[in-house]
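Colleague:
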Amino acid sequence: MASISNLGVGSGLPLSTMLDSLQTAEKAALKPISTQQSAYTAKLSAYSTLKSSLTTFQTANSKLNSADLFTATTASSSSSAFSATTSGSTVAGKYSINVTQLAQAQVLTSAVQSSNTAALGDSSVASRSIAITLKDGTSKSVTLSNDQTSLTGMRDAINGANAGVTATIIKVSDGSFRLSMSANKTGSDNAVASVAVTGDSTLQGIVGFDASASSNPMTQSVAAQNAKLTVNNIAIENSSNQISDALEGITLNLTAQTVGDQTLTITKDTSKASSAISSWVDAYNTLLDQFNTLTKYTKVDTNTDSQDSSNGALLGDSTLRTIQTQLKSLLTNAQSSSEYKSLGQIGVTTDPTTGSLKLDSAKLSAALNKDAAGVKEMIVGDGKTGITAKMDAKMTEWLSSKGIVQAATDGVSKTLNNLTALYNTTSDRIDADIARYKTQFTQLDMAISKLNSTSTYLTQQFDTSDSSKK
């Protein structure tokens, strides 16, 4: 409220200054409320940060909570003609591989045409259909207008029909074009059995094909064939060069024929588990750093007002303290049936001063090489009993819509709403009081002004009377 500059002019009293002082004194009642609002707003933001940090750690924790990490293997080949990928259930071992034939997809090619855009069909026919049937019996029919009987038109119509083949145009030379149809899948069972045009014999004479016929308008420029190989001298034939069902847990990727027998070696790979544990330790320490920031305490002079701004918004907060205490308690697994009961046994120790985790990579590697299954039993368990499984369950509980983080957030939000209502009510009361004071001061100013005028008048009259008597 601005200073009432005209107030007090009539009375000569500093009423405007007095009113400003009263207003300042009254507004002081809002400061404690405003201070609380700032503190609870910071706390609300801090809970949001806490929730985000827990979610980030839960993601890292979920990655470690995988049994496949501890049974991981890696594959190496003595030849560049093939490679292999393994799953978590793959057993270490060696295999003799001899690739004698790669799978390939059938390709049909039309005779040379002088244009790729000129209509090739019978112009007297309004429309015709081209049916593409695969060896497995699946068939797609495409209706073609007169404008779609060019090589380009047929290519686009066939590719839009999802008929199991891909059509392209090959430019042989200037003024020489061929239509090519390639089966989408390799292997003899995925070849084209027939390409039949109904309603246009002219077009049938250009793109027709029947696998059982001795000659066709379209020729088979590449024959479909299956991959052929031996694994430990056992013959295997497959329609694909990516073979996932020959060896349990192993997918073979064939790229060329081999020169005689080559070796595929499957070895135990502890690097994935080691890397996941290292990332988990880093994520835990990052979460702990966030806890420390949110609960930071800075000792300051008790006569200053800097205490609140220096401290973390969740200093002394029971919700965060509960989470931190329970997380720390989950770093051991007494239920583990293996010799490993705590992370310290595999090289993950807790700093007694800061609470952060430290990783001894050499000790971890030794434990994984000695008994990866035992380490898995402690960390993952049966999906419920492991350290990471229990942590995941706890974090899911804390972060749920009825968990302690949401409950704390709701409590702060409710308090903020109450403080806002209190601030508004107090502010309205102060404004009403100041308005009343102004009215009262204005009335006082007018009354004193009138009294001053009356006093001046009477003084003048007395002075005149005394003068006349003399």
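In the numbering used here, the protein residues as written are 1 to 470. Where a beta carbon is used, it is the ideal one built from N, C-alpha and C, also for glycine. This structure is a prediction, so every number in the text was calculated from the model and none was measured.
1) What is the DSSP secondary structure of Val-192, reduced to helix, strand or coil?
2) Cβ atoms of Ala-191 and Lys-140: under 8 Å apart, would you say?
3) Suppose contacts are defined by Cβ-Cβ distances below 8 Å. Is Leu-359 in contact with Ser-278 by that definition?
4) Which residues bound the beta strand (DSSP E) around Asn-159?
5) Once DSSP output is grouped into helix, strand and coil, what is the label at Glu-237?
6) Taking just the CA atoms, how far does Thr-56 sit from Thr-71?
7) Can you tell me which of Gly-344, Leu-320 and Thr-322 puts its alpha carbon nearest to the alpha carbon of Thr-331?
8) Here's the rule I'm using: 16 or more other beta-carbon atoms within 10 Å means buried, otherwise exposed. How should Ser-80 be labelled?
9) Asn-162 to Lys-185, Cα distance in whole Å?
10) Alpha carbon to alpha carbon, what distance is there between Ala-84 and Phe-209?
11) Assuming contact is defined by CB atoms lying nearer than 8 Å, are Val-195 and Ile-130 in contact in what I supplied?
12) Three-state secondary structure (DSSP) at Tyr-95?
13) Applying the 10 Å Cβ sphere with the 16-neighbour rule, what's the burial state of Met-446?
14) Following the continuous alpha helix (DSSP H) through Asp-282, name the residue where it begins and the one where it ends.
15) Rounded to whole angstroms, what is the Cα-Cα separation between Asn-74 and Gln-104?
16) Under 8 Å between the Cβ atoms of Leu-108 and Gln-220?
17) Could you name each continuous beta strand (DSSP E) segment of 3 residues or more that falls completely within the region 22-109, going from the start of the chain to the end?
18) Contact between the region 32-50 and the region 341-357 is defined here as three or more beta-carbon pairs at a separation below 8 Å; is this criterion met?
19) Any idea which residues DSSP pairs Ala-227 with across the strands?
20) Kindly indicate the opening and closing residues of the beta strand (DSSP E) around Ile-266.
21) What do you get for Val-172, buried or exposed, if any count of 16 or more other CB atoms within 10 angstroms of its CB means buried?
22) Output the distance between the C-alpha atoms of Ser-96 and Ala-223, rounded to the nearest integer angstrom.
23) Pull the bridge partners of Met-181 from the DSSP assignment, please.
24) So, helix, strand or coil for Lys-140, using DSSP?
25) At the level of alpha carbons, what is the spacing between Asp-463 and Lys-31?
26) If you pair each beta-carbon of the region 119-127 with each one of the region 139-153, do three or more pairs fall below 8 Å?
27) Going by C-alpha to C-alpha distance, which of Lys-438, Ser-455 and Ser-110 sits closest to Thr-168?
28) From which residue to which residue does the beta strand (DSSP E) around Thr-350 run?
29) Using the C-alpha atoms, what's the distance from Gly-164 back to Asp-410?
30) Locate the alpha helix (DSSP H) running through Val-207, then write down its first and last residues.
31) Within a Cβ cutoff of 6 Å, which residues of the same chain sit near Thr-415, ignoring the five residues on either side of it in sequence?
32) In whole angstroms, give me the CA-to-CA distance for Leu-144 and Arg-128.
33) In the structure shown, what three-state DSSP assignment does Gln-113 receive?
34) Assuming Val-375 is part of the alpha helix (DSSP H), what are its boundary residues?
35) Ile-404 and Leu-64: beta carbons closer than 8 Å?
Modeller: On the basis of the supplied data:
1) Within the sequence shown, the letter at position 192 stands for residue 192. The DSSP-derived three-state label of Val-192 is strand.
2) Taking the first residue of the sequence shown as position 1, residue 140 is located at position 140. Taking the first residue of the sequence shown as position 1, residue 191 is located at position 191. At least 8 Å separates the beta-carbon of Lys-140 from that of Ala-191.
3) As a working note, residue 359 is residue 359 in the sequence shown. As a working note, residue 278 is residue 278 in the sequence shown. Yes, Cβ-Cβ distance for Leu-359 and Ser-278 is below 8 Å.
4) Here residue 159 corresponds to residue number 159 of the sequence shown, with the count starting at 1. Segment 151-159 is the alpha helix (DSSP H) holding Asn-159; no beta strand (DSSP E) there.
5) Taking the first residue of the sequence shown as 1, we reach residue 237 at position 237. Strand.
6) What you label residue 71 is simply residue 71 of the sequence shown in a count that begins at 1. What you label residue 56 is simply residue 56 of the sequence shown in a count that begins at 1. Cα to Cα, the separation comes out at about 26 Å.
7) Within the sequence shown, the letter at position 331 stands for residue 331. Checking the displayed sequence, the identity of residue 331 turns out to be Leu instead of Thr. Answer by Cα proximity: Gly-344.
8) Position 80 of the sequence shown, counted from the first residue, corresponds to residue 80. By the neighbour-count criterion, in which 16 or more other beta carbons inside 10 Å mark a residue as buried, Ser-80 falls on the exposed side.
9) For the purposes of this step, residue 162 is taken as residue 162 along the sequence shown, with counting starting at 1. For the purposes of this step, residue 185 is taken as residue 185 along the sequence shown, with counting starting at 1. Going from the Cα of Asn-162 to the Cα of Lys-185 covers about 13 Å.
10) Residue mapping note: residue 209 aligns to position 209 of the sequence shown, counting from 1. Residue mapping note: residue 84 aligns to position 84 of the sequence shown, counting from 1. It is roughly 38 Å from the alpha-carbon of Phe-209 to the alpha-carbon of Ala-84.
11) Stepping through the sequence shown from its first residue, residue 195 is reached at position 195. Stepping through the sequence shown from its first residue, residue 130 is reached at position 130. Cβ distance < 8 Å, so Val-195 and Ile-130 count as in contact.
12) Mapped onto the sequence shown, residue 95 falls at position 95. Strand.
13) For the purposes of this step, residue 446 is taken as the residue at position 446 of the sequence shown. Exposed, by the Cβ-count rule.
14) Along the sequence shown, read from residue 1 onward, the residue named residue 282 stands at position 282. Its alpha helix (DSSP H) spans residues 271-294.
15) Translated into positions along the sequence shown, residue 74 becomes position 74. Translated into positions along the sequence shown, residue 104 becomes position 104. Checking the displayed sequence, the identity of residue 74 turns out to be Thr instead of Asn. One C-alpha to the other measures close to 28 Å.
16) Position 108 of the sequence shown, counted from the first residue, corresponds to residue 108. Position 220 of the sequence shown, counted from the first residue, corresponds to residue 220. Yes.
17) Contiguous beta strand (DSSP E) elements confined to the region 22-109 occur at 73-77, 82-86, 93-101 and 107-109, taking only those with 3 or more residues.
18) In this structure the region 32-50 does not lie against the region 341-357, because fewer than three pairs of beta carbons, one per stretch, are closer than 8 Å.
19) The residue labelled residue 227 in the question sits at position 227 within the sequence shown. According to DSSP, Ala-227 shares a beta bridge with Asn-238.
20) Translated into the one-based positions of the sequence shown, residue 266 becomes position 266. Element bounds for Ile-266: 262-268.
21) Here residue 172 corresponds to residue number 172 of the sequence shown, with the count starting at 1. With fewer than 16 Cβ atoms within 10 Å of its Cβ, Val-172 is classed as exposed.
22) Mapped onto the sequence shown, residue 96 falls at position 96. Mapped onto the sequence shown, residue 223 falls at position 223. Spanning the two alpha carbons is a distance of roughly 28 Å.
23) Counting from one through the sequence shown, the residue named residue 181 turns up at place 181. Bridge partners of Met-181: Leu-108 and Ala-167.
24) Translated into positions along the sequence shown, residue 140 becomes position 140. Looking at Lys-140 - three-state DSSP - the assignment turns out to be strand.
25) One-based indexing of the sequence shown puts residue 463 at position 463. One-based indexing of the sequence shown puts residue 31 at position 31. Each residue's alpha carbon lies about 56 Å from the other.
26) Per the Cβ contact rule, the region 119-127 is in contact with the region 139-153 (3 or more Cβ pairs under 8 Å).
27) Locating residue 168 in the sequence shown gives position 168, counting from the first residue. Checking every option, the nearest Cα to that of Thr-168 belongs to Ser-110.
28) On the sequence shown, position 350 is the one that residue 350 refers to. Taken as a continuous stretch (DSSP letters only), the beta strand (DSSP E) holding Thr-350 covers 348-350.
29) The residue labelled residue 410 in the question sits at position 410 within the sequence shown. The residue labelled residue 164 in the question sits at position 164 within the sequence shown. The alpha-carbon atoms of Asp-410 and Gly-164 are separated by roughly 57 Å.
30) In the sequence shown, the residue the question calls residue 207 occupies position 207. Start and end: 201-207.
31) Numbered from its first residue, the sequence shown carries residue 415 at position 415. Around Thr-415: Tyr-40.
32) To locate residue 144, count along the sequence shown from 1; it is residue 144. To locate residue 128, count along the sequence shown from 1; it is residue 128. In this model, Leu-144 and Arg-128 are separated by some 5 Å (Cα to Cα).
33) Translated into positions along the sequence shown, residue 113 becomes position 113. Here DSSP, grouped into helix, strand and coil, assigns Gln-113 to strand.
34) Here the question's residue 375 lines up with position 375 in the sequence shown. Counting along the chain, Val-375 sits inside the alpha helix (DSSP H) bounded by residues 361-379.
35) Against the sequence shown, residue 404 aligns to sequence position 404. Against the sequence shown, residue 64 aligns to sequence position 64. Not in contact: Ile-404 and Leu-64 (Cβ atoms no closer than 8 Å).
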